[in-house]
Amino acid sequence: MDFFAHQDRARMASRRLIALFGLSLLAVVAAVNGAAMLGWLLIGGGTRWPAYFFATNTFATLLVVFGGAWVELHRLREGGAALAERLGARALDDTLPLHRRLRDIAEEVSIGAGVPVPALYVLDDVSINALAAGERPGLAAVMVTRGALERLERAELQGVVAHEVAHIVGGDTDLNMRLTGALYGLCSLRMAGFRLFGSAASGEAGPLGRLGFPRLVALVTGVLLSAVGMLGVVAAQILKAGISRQREFLADALAVQITRDRDGLGRALRRIAGEQPVPLKSDYAAMVSHFLLVQPTGLRDWFDTHPPLRERIRRLYGRHVPAIAAAQTGSGPPDEAAPAQPTLAFVRVAPPSPNAAGPNAPQAATEDDPTLPIVPQVGNGAGVDASALITHIRSASLGVETAGRWLEALVAGHATDEPDPTLRQTLHWLVSPAGASLRVPLLELLLARIRRWSSAHRRDLLDRCRRAVERDGHVQSAEWIYYTLARHRLSPNASVPARQRRAPTSKRAQSRALAALFAMAAAVGEASARATRDELAEAAAMLEVPPPASTPDEVGTTELALALDTLLGLPPLDKPILLKVLARLARVPGDPNYDAFLRAVAAAIDCPVPRGAGQQLGARRDGPVAVA
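Residue 314 in my numbering is what sits at position 314 of the sequence shown, and the numbering runs on without skipping anything.
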């Protein structure tokens, strides 16, 4: 997948949304004025319409549409959780095995994708469906139907969750939230007409009656607004379809790249294809159909918000694969509801022996094959097994003191306080070069659990980590990186939209911030001075900021923190480009320390880690950058 082409498509989609909304609004305004003129001719007895008649109608229409859009976006300002509440979804209950399985899967997929674990909800619906929503990763939520939880196998549910996380990574959820506001605005006229007609028909005064208009005027106005509002509804459906279709193909592809398991998502889609479409049982469901994994109705052509399921399945497998008949789809909980062996499904491992036996034997990873199976890997083959630590982290009995010890060990490298000798040995190994590849995944897993706790607990744990990092009076770069990752995952500000947290910054300030960031990146990635200079110049050109004259010889942690706060103000679509260029400074592709650095920077600037950012690809803007 060409990364920069994907970014260009995202920009085009945003511009298309604005253009289509503008055209739809013009059509609605014209229809309202036409209906108002007709209504005046019917009621006014042929008298000429008053001054500013059309201007008043236009202003009132714009007020209703933009007011409705603003009200809806204001309702959704809390992110995906607000949308979940509108749909009637419930937060996960960790006492239920199927809910615990969903949380485990979401943690694995999110950590592998380089985003915070989203808030998780269950929709009480028998169909197999899911959706993701949220303005940005820190505010995202994933909702899964009860039917998907009960009838999908673990690998299939993992593919479904990966598809939704792919929408978060690709920035689709932000666009969909704005699209929902636009749709609500376009449908507001019809809703206003229904309310006006209903109040007049029931004998209530209504808004027009309180202004002194006769009841007949209210009835006619309500009918005309409802009729004209249908145009807004039709425009909203076309608008949804025009924006959403291609993004489903991209999310399917990215889901396979995240899980390395084509058949998981493929089988889930095949199960859905073998069933009759069932609309979600929610009054708000029609407004968010573009969020869903699959379209729950039988609409076709212009009103389709999703490409045909058969085409999605064909693209996944590269050939036609039949649907799984409803009779073959189980109705009870899958066998894997509570796997006995904890896994780190997000950890990439070295290619195994080609003689590995069995139908599910892992295959060597290649750059052109994104469909590899997920490989559980929790040990290093030298007597150290992280399974016990994973089990403890995922345990409902995990306490603040225990979490604090482990967080301090993974962030600052201090594992001597752990009383359990087995866990102490595991923690020592994780912070050593031998276990470095598992340090970030285990830290992310622990942070995902702590993130659900109260802000007071999170603040206390961060203070403990800060004291541990500053214990010797000198902050090492590695300690600062892990602490920065923890701080931005757990900070109370993480739930505040980026535009509310950042101060306006100048291009010059962003240029200085780039210089400081690339100086630290060069030190962590052991890049040469020439490579650093070239990549910095390219990043400045692509981000349209003045090229820095040079990078500082040394960068303090305070200066780097200020640089990250400055770069938080970059446009959302520019941030992945910055991370892609930064990724190429790693001297050794896949270096765990540099991977941690990239994750910390991504968390600080409110951006998912782009797929393949951990690989030294050496590509430039004029050539495709693979998303692996």
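Quick reminder that beta carbons are idealized off the backbone N, C-alpha and C, glycines included.
Can you look up residue i in the DSSP assignment and give me helix, strand or coil?
i	result
Y482	helix
T259	helix
V122	strand
V142	strand
A91	strand
L292	strand
Y52	coil
P359	Its pLDDT being 33, under 50, P359 is placed unreliably by the model, and nothing is read from it.
Q276	coil
K281	coil
W453	coil
T371	Confidence in T371 is poor, its pLDDT being 32 and thus under 50, which makes the residue's placement unreliable; the coordinate value appears in the next sentence. T371: coil per DSSP, three-state reduction.
H474	coil
H632	The first residue shown for the chain is 1 and the last is 628, placing residue 632 beyond what the model contains.
I324	coil
C465	helix
V220	helix
V400	helix
G68	helix
V109	helix
S585	Going by the sequence as given, residue 585 is Leu instead of Ser. Coil, per DSSP.
R319	coil
How big is the Cα-Cα spacing for residue i and residue j?
i	j	result
P118	H488	14 Å
I313	L196	46 Å
R512	P546	9 Å
L42	N57	17 Å
P322	R262	15 Å
L179	R48	39 Å
V144	S491	27 Å
G229	M177	22 Å
V411	Y594	15 Å
I577	R584	11 Å
Q257	G39	57 Å
A192	V28	14 Å
G404	N129	37 Å
P373	A81	Confidence in P373 is poor, its pLDDT being 32 and thus under 50, which makes the residue's placement unreliable; the coordinate value appears in the next sentence. For P373 and A81, the distance between alpha carbons rounds to 32 Å.
A540	A253	30 Å
A251	H99	24 Å
A255	E150	21 Å
A235	A166	27 Å
G88	A521	45 Å
L442	G222	59 Å
E444	Q246	31 Å
R424	T402	12 Å
V161	E554	42 Å
A268	A600	34 Å
Take residue i as the anchor and find which of the options has the nearest alpha-carbon.
i	options	result
L543	E526, D553, K580	K580
E153	I105, F66, R452	I105
G185	A527, E311, L250, V64	V64
E311	I324, M287, F291, A273	A273
L446	P433, S432, L427	L427
R319	G266, L536, L598	G266
R86	V109, E554, R451, L280	L280
S477	G413, G435, R452, R458	G413
Q510	D252, L139, A31, L564	L564
V431	G112, P419, P421, E408	E408
A325	G22, V278, T305, R271	R271
L231	C187, F249, E470, L269	C187
Y121	Y483, P441, D591, L92	L92
R260	H163, G435, L269	H163
L560	L582, A519, S528, P589	A519
A516	P552, D534, E526	P552
G68	L25, A537, A35	L25
T61	S289, L567, L224, A549	L224
L76	T566, T173, I605	T173
R451	E248, A84, R394	R394
L582	R16, T566, L562, V609	V609
Y52	H290, N33, V115	N33
- Secondary structure, alpha helix (DSSP H): runs of 4+ residues fully inside the stretch 127–189: 146–151, 154–169
- Query: Which residue spans inside the stretch 410–437 form an unbroken alpha helix (DSSP H) run of at least 4?
  - Reply: 421–430
- Message: Could you check whether the stretch 98–116 touches the stretch 555–572, counting it as contact only if at least three pairs of C-beta atoms, one from each stretch, sit closer than 8 Å?
- Response: no
- Message: Ignoring anything shorter than 4 residues, give me the alpha helix (DSSP H) runs that lie fully in the stretch 516–562, in order along the chain.
- Response: 529–543
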